[in-house]
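Chemist:
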Amino acid sequence: MGNKDDDAPLKADTGAFEPRDSRVSQQIWRGIFLEVVRKLEDKVLKKLSQEPLRFFRKAGLDAPGFLAPEQFDLWQKLTADDWESQCSEVSLHQFREALWAWGKHWKLTADWCLKAGFDTLRDWVLWPESLEELSWAPSIHTHEWLGLSLPSERQFSFQYPTWEFVLYLREEYEEAARIAFEAALKAYCDRIAVEAPRWGYIPIPPRKRGRKAHLPIEWLVRSRVQGWKVYEINKLYYPNSDNRWHIKKAIEEAAALIGL
């Protein structure tokens, strides 16, 4: 059998804290899912850069004046039940058809998947280097709109007096600076640990060594996007044991968590 932690309930992150708000947890895992898609199946973004991008430009959505409010309004129209009447331009119909066909091909038809594609297209025309890299829009990792606050002291900084080399040996200075740095770092981490719960985060219990926290998401990508069968996933990850039931259960839970 495989590691029991491989199909343990997914946490919102693999660090020391996770958001108390389950909506934030879901948003974080959606971002992780899309990054795993990029890693395991690069054709997803390559296909997005073809017909959907061509019709995005044809519809004039790459205009410099097409700002966030207009983007939001357009997306509301494209996803409305009566979208055909709200989007009367032929070019918008063509764009919507191309984007929805992309989503259908990869089984990424959930609204948030299509929105990730839409936001990525916009980023590509604004920042061509992101198109060259075929990376998702950074907004897939954004959850501030959910109202989650962040600790006020985000950045760790450390300063230490100049080495008075006439008075101290180098070894003495380095040792003193090292001790001061470690003390400052500990104090910083202690402050963040105290403040984090006040901002909507809760501590994550220490994980068992070797836990693969993202594995269920990886299996979900294999199954949904790449079309692998459960037995094929089992063969790759557990060649010497039968974990098909655990894999199937973990895939279902991961899909439910991110809304697929």
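Residue 102 in numbering that gives the first Met the number 0 is what sits at position 103 of the sequence shown, and the numbering runs on without skipping anything. Each residue gets a CB set at the ideal place from its N, CA and C atoms; glycine is no exception. Everything numeric in this text was worked out from a predicted model, so none of it was measured.
Which same chain residues, not among the five before or five after E143, have their C-beta less than 6 Å away from its C-beta?
Modeler: Sequence index remark: in the sequence shown, residue 143 carries index 144 (1-based). Residue confidence for E143 is low, a pLDDT of 44 falling below 50, so the modelled location carries little weight and cannot support an answer.
Chemist: Should V193 be labelled buried (16 or more other beta-carbon atoms within 10 Å of its own) or exposed?
Modeler: Counting from 1 along the sequence shown, the entry for residue 193 is found at position 194. V193 comes out exposed.
Chemist: Span of the alpha helix (DSSP H) holding Y172?
Modeler: Residue 172 sits at position 173 when you count from the first residue of the sequence shown. Element bounds for Y172: R169 to E194.
Chemist: Does DSSP put Y159 in a helix, a strand or coil?
Modeler: The residue labelled residue 159 in the question sits at position 160 within the sequence shown. If DSSP states are grouped into helix, strand and coil, Y159 belongs with coil.
Chemist: Going by the CB atoms, is the gap between V124 and R53 shorter than 8 Å?
Modeler: In the sequence shown, residue 53 corresponds to position 54, counting from 1. In the sequence shown, residue 124 corresponds to position 125, counting from 1. Not a contact, by the Cβ cut-off of 8 Å.
Chemist: Can you tell which of A182, E96, L77 and V224 has its C-alpha closest to the C-alpha of V36?
Modeler: Here the question's residue 36 lines up with position 37 in the sequence shown. That would be V224, whose Cα lies nearest to the Cα of V36.
Chemist: Are there 16 or more other CB atoms within 10 angstroms of the CB of N239, so buried, or fewer, so exposed?
Modeler: Locating residue 239 in the sequence shown gives position 240, counting from the first residue. Label assigned to N239: exposed.
Chemist: Over the uninterrupted alpha helix (DSSP H) stretch that includes Y236, give me the two end residues.
Modeler: Indexing the sequence shown from 1 puts residue 236 at position 237. V229 to Y236 is the extent of the alpha helix (DSSP H) around Y236.
Chemist: Could you check what DSSP says for F327 in three-state terms: helix, strand or coil?
Modeler: What is shown of the chain runs 0 to 259, which leaves residue 327 out entirely.
Chemist: Straight-line CA distance for Y200 to I191?
Modeler: Mapped onto the sequence shown, residue 200 falls at position 201. Mapped onto the sequence shown, residue 191 falls at position 192. Between Y200 and I191, the C-alpha separation is close to 11 Å.
Chemist: Quick check on I203: does DSSP put it in helix, strand or coil?
Modeler: Taking the sequence shown and counting its residues from 1, the one referred to as residue 203 is at position 204. Coil, per DSSP.
Chemist: Looking at the unbroken alpha helix (DSSP H) that takes in Q93, where does it start and where does it end?
Modeler: Working through the sequence shown from its first residue, we reach residue 93 at position 94. Its alpha helix (DSSP H) spans residues V89 to H104.
Chemist: Find out if the Cβ-Cβ distance for the pair G102, L120 is shorter than 8 Å.
Modeler: One-based indexing of the sequence shown puts residue 102 at position 103. One-based indexing of the sequence shown puts residue 120 at position 121. Taking 8 Å as the Cβ cut-off, G102 and L120 do not qualify as a contacting pair.
Chemist: Select from L77, D81 and W111 the residue whose C-alpha is nearest the C-alpha of A97.
Modeler: Position 98 of the sequence shown holds residue 97. Nearest option by C-alpha distance: L77.
Chemist: Return yes when the Cβ of W111 is within less than 8 Å of the Cβ of E34, no when it is not.
Modeler: Here residue 34 is taken as the residue at index 35 of the sequence shown, counted from 1. Here residue 111 is taken as the residue at index 112 of the sequence shown, counted from 1. Contact: no.
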